[in-house]
Amino acid sequence: MEATSAPEIVLEAKGISKHFGSVQALDCVSLSFRKGEIHTLLGENGAGKTTLMNIIYGLYQKDAGEILVNGKVHEIRSPRDSLQLGIGMVPQFFKLVPDLSILENIYLFMEKTKFIIDRKGAKAIIQQLSEMFGFGLEDKIDREVGSLTEGEKQKVEILKILARGSKILLFDEATNVLAPNELDSFLQIVKDLNKSGYSIIYITHRLQEALQISDRISAFRKGKLVGTISGKEATLEKLTVMMVGAELEKISTVLPQEKGRMILEVKDLNVIDERGLLALKNVSCQFYEGEIVGLAGIEGNGSNYLAEALIGLRRVKSGKVIYRGADITRSLPLHRMNLGMSLMPSSNALVPLFSVRDNSILDYPEKPPFSRHGLLDRKAITAHAKRIVTDYQVQTPSILLQAVKLSGGNRQRLAIGRKIESNPKFMIAYHPTKGLDIKSQSFIYEKLLTMKKAGMTVLFMGADLDELLLVSNRLMVIYRGEIVGVFDDLRSVSKFDVGVLMTGGSRREGGAKVGN
Ligand SMILES: Nc1ncnc2c1ncn2[C@@H]1O[C@H](COP(=O)(O)OP(=O)(O)OP(=O)(O)O)[C@@H](O)[C@H]1O
Ligand SMILES: [Mg+2]
70 MEATSAPEIV LEAKGISKHF GSVQALDCVS LSFRKGEIHT LLGENGAGKT TLMNIIYGLY
130 QKDAGEILVN GKVHEIRSPR DSLQLGIGMV PQFFKLVPDL SILENIYLFM EKTKFIIDRK
190 GAKAIIQQLS EMFGFGLEDK IDREVGSLTE GEKQKVEILK ILARGSKILL FDEATNVLAP
250 NELDSFLQIV KDLNKSGYSI IYITHRLQEA LQISDRISAF RKGKLVGTIS GKEATLEKLT
310 VMMVGAELEK ISTVLPQEKG RMILEVKDLN VIDERGLLAL KNVSCQFYEG EIVGLAGIEG
370 NGSNYLAEAL IGLRRVKSGK VIYRGADITR SLPLHRMNLG MSLMPSSNAL VPLFSVRDNS
430 ILDYPEKPPF SRHGLLDRKA ITAHAKRIVT DYQVQTPSIL LQAVKLSGGN RQRLAIGRKI
490 ESNPKFMIAY HPTKGLDIKS QSFIYEKLLT MKKAGMTVLF MGADLDELLL VSNRLMVIYR
550 GEIVGVFDDL RSVSKFDVGV LMTGGSRREG GAKVGN
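In terms of our numbering, the sequence shown opens at residue 70 and continues consecutively.
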């Protein structure tokens with residue numbers, strides 16, 4: 070038998086656990102990273118990928134487990150420790166100073182190393198690295214970072230950690246900020262870095278991308294490591310099953326129902342994002358009274374833009390939003406709220422320093438009975454707050470407690486109570502159970518179902534297929550700003566069918582009908 074030497078392990082996570090409140094973000098995860106490999110981490114929103122990266126990079130402290138770097142256990146208490154060990158992270162949200170030049174941004178980051186380098190020396194190093202990996206920033210090195218494109222800023226972030234001497238590079242959803250035309254050159258850079266000996270841990274939601282660059286791929290689900298496979302044996306199907314679960318059987322038990330009256334129609338909606346790129350492309354869909362429509366989409370694929378465009382917080386480029394026959398495409402949010410539209414956000418739906426009582430009427434203080442002749446009626450508001458606290462089981466010692474002191478689940482119960490008690494006719498629930506424990510999650514499903522029974526319409530946006538299939542009557546799938554599938558009858562639909570569409574695969578024969 071031929072002897073094969075075991076691959077060298079540069080980084081190892083052993084039995085890592087981490088909780089936030091009642092959420093178990095990581096549950097005894099053990100995973101090793103080999104020297105010189107591109108190791109991709111996959112998993113639904115909230116699966117724990119970023120938490121693991123943050124622990125390795127020293128931004129979070131683990132509850133249990135060990136991190137080994139080059140075979141030795143290290144306590145990583147801050148990014149300073151991890152940088153010292155040769156680990157660098159390209160953050161999802163850049164940490165650059167816009168008024169400083171590329172050189173100054175990188176130099177600031179370099180200075181803390183044990184090597185004393187002068188600006189001239191630093192400039193030479195940066196230029197050399199930029200040239201070596203085809204970044205093309207050599208001539209822009211004195212330009213202010215604020216004037217760069219997102220793709221260029223990302224290159225500056227990469228240069229920062231390279232110049233600091235990192236050998237293990239962590240990329241968390243790095244391609245989300247890139248325009249489509251920047252994607253290929255970015256992936257090439259990752260491959261080139263890898264060829265030069267860097268070890269890379271790469272988080273993405275895009276399975277095609279994972280297939281394109283990975284030596285190995287690990288999937289996470291709900292805080293646990295599901296498994297690891299080699300890039301060679303990986304296929305779109307295998308990765309989808311790893312991500313969303315092995316259940317290929319039909320799982321939805323929600324029966325299709327007669328459509329009620331149409332309440333909202335979206336016609337060929339196009340929306341531009343902050344970078345001037347199309348965030349929604351010709352989105353068309355209809356909603357009917359008394360139904361829950363799921364919108365399955367991984368964050369970053371446009372569901373937030375749809376939520377904002379429908380509620381009036383984002384201008385549309387073209388297309389129409391028709392509500393009960395009236396064109397509201399250009400209406401203000403307040404007008405839409407008065408018509409009965411409402412948005413239930415995933416978090417931050419409260420003013421943290423306001424009391425539970427004041428938060429209970431946050432977006433409708435002017436409505437009777439809370440306001441009479443321009444004066445607030447404390448008694449009416451108190452009664453309303455007390456009712457929400459009771460009916461929505463908000464655990465609080467008093468309605469005068471500041472909302473910031475409530476636990477996450479209780480904050481969400483209060484926010485949802487406020488939204489539902491305003492009796493909306495059309496509710497957009499945007500990742501409403503994010504970060505909540507199972508009990509609070511079920512509570513929210515129950516409330517959504519109650520709304521539906523009362524004839525309201527719910528557009529339930531989320532990424533967790535278990536919950537979407539549990540409560541939705543119909544389901545749409547959004548991928549890169551387009552509705553890529555609509556399922557009107559969910560009895561024959563599996564998580565796999567939906568998962569494939571969510572991650573950029575094409576549908577199987579007899580699966581979804583293409584949305585418009
Ligand atoms: N700082 C925090 N405070 C409270 N909860 C947190 C915090 N960071 C993460 N969580 C929770 O831990 C869980 C795992 O989150 P994490 O960010 O690691 O997921 P992820 O796999 O990176 O998801 P995504 O694909 O959406 O980025 C989630 O339920 C999340 O809400
Ligand atoms: Mg993440």
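Every residue gets a Cβ at the ideal spot worked out from N, C-alpha and C, and that includes glycine.
Taking the Cβ of E536 as the reference point, every heavy atom of ligand 1 lies at 7 Å or farther away. Within the region 123-191, the runs of alpha helix (DSSP H) that reach at least 4 residues and sit entirely inside it are, in chain order, 148-153, 171-179.
In the structure shown, L431 falls within a coil segment according to DSSP collapsed to helix, strand and coil. Contact check for Q223 against I210 fails: the beta carbons are separated by 8 Å or more.
Between the C-alpha atoms of E368 and H442 there is a straight-line separation of about 43 Å. One alpha carbon belongs to M312, the other to C97, and they sit about 18 Å apart. Taking R188 as reference, the option from K118, A232, E219, P167 with the minimal CA-CA separation is A232. Contact between F529 and V540 holds: CB atoms are separated by about 6 Å, below the 8 Å threshold.
DSSP places S476 outside both helix and strand once states are collapsed to three, so it counts as coil. In terms of Cβ geometry, L419 and A484 form a close pair [threshold 8 Å]. Across the structure, I230 and M158 are spaced so that their CA atoms are roughly 7 Å apart. For D566, the uninterrupted alpha helix (DSSP H) segment begins and ends at 564-571.
Positions of the alpha helix (DSSP H) runs, each at least 4 residues long and wholly inside the region 199-241, are given as 219-232 in order along the chain. Beyond the five residues adjoining it in sequence on each side, F102 comes within less than 8 Å, by CB distance, of I78, V79, L80, E81, H108, I237, S268, I270 in the same chain, given in chain order.
At a Cβ-Cβ threshold of 8 Å, I380 and F356 do not count as neighbours. The DSSP-derived three-state label of V98 is strand. Nearest neighbour of S235 by Cα position, chosen from L518, V527, V138, turns out to be V138. DSSP places L247 in the coil class of the three-state scheme, outside both helix and strand. Going by C-alpha positions, V569 is about 42 Å away from T465. Ranked by Cα distance from E242, the first of E226, I272, G266 is I272.
Within the model, the alpha-carbon separation for I227 versus K260 is close to 13 Å. Take G388, set aside five residues on each side of it, and the residues of its chain with a beta-carbon closer than 6 Å to its own are K336, D337, L338, N339, in chain order.
If you keep only unbroken beta strand (DSSP E) runs of at least 3 residues inside the region 404-465, you get 410-413. When Cβ pairs closer than 8 Å are counted between the two stretches, the region 389-407 is seen not to touch the region 553-561, the count staying below three. Look at the region 479-555 and you find these whole runs of alpha helix (DSSP H), each 4 residues long or longer: 507-522, 534-540. Taking 7 Å as the cut-off, one finds no heavy atom of ligand 1 near enough to the beta carbon of G134. When the Cα atoms are used, Y374 and G573 turn out to be separated by approximately 19 Å. By the Cβ neighbour-count rule, K118 is buried, with 16 or more other Cβ atoms within 10 Å of its own. Here T244 is buried: its Cβ has 16 or more other Cβ atoms, across all protein chains shown, within 10 Å. The region 475-492 makes contact with the region 443-461: 3 or more CB pairs, one atom from each, lie closer than 8 Å.
Rounded to whole angstroms, the separation of the alpha carbons of H143 and E135 is 8 Å. Going by DSSP, T297 is part of the beta strand (DSSP E) stretching over 293-299.
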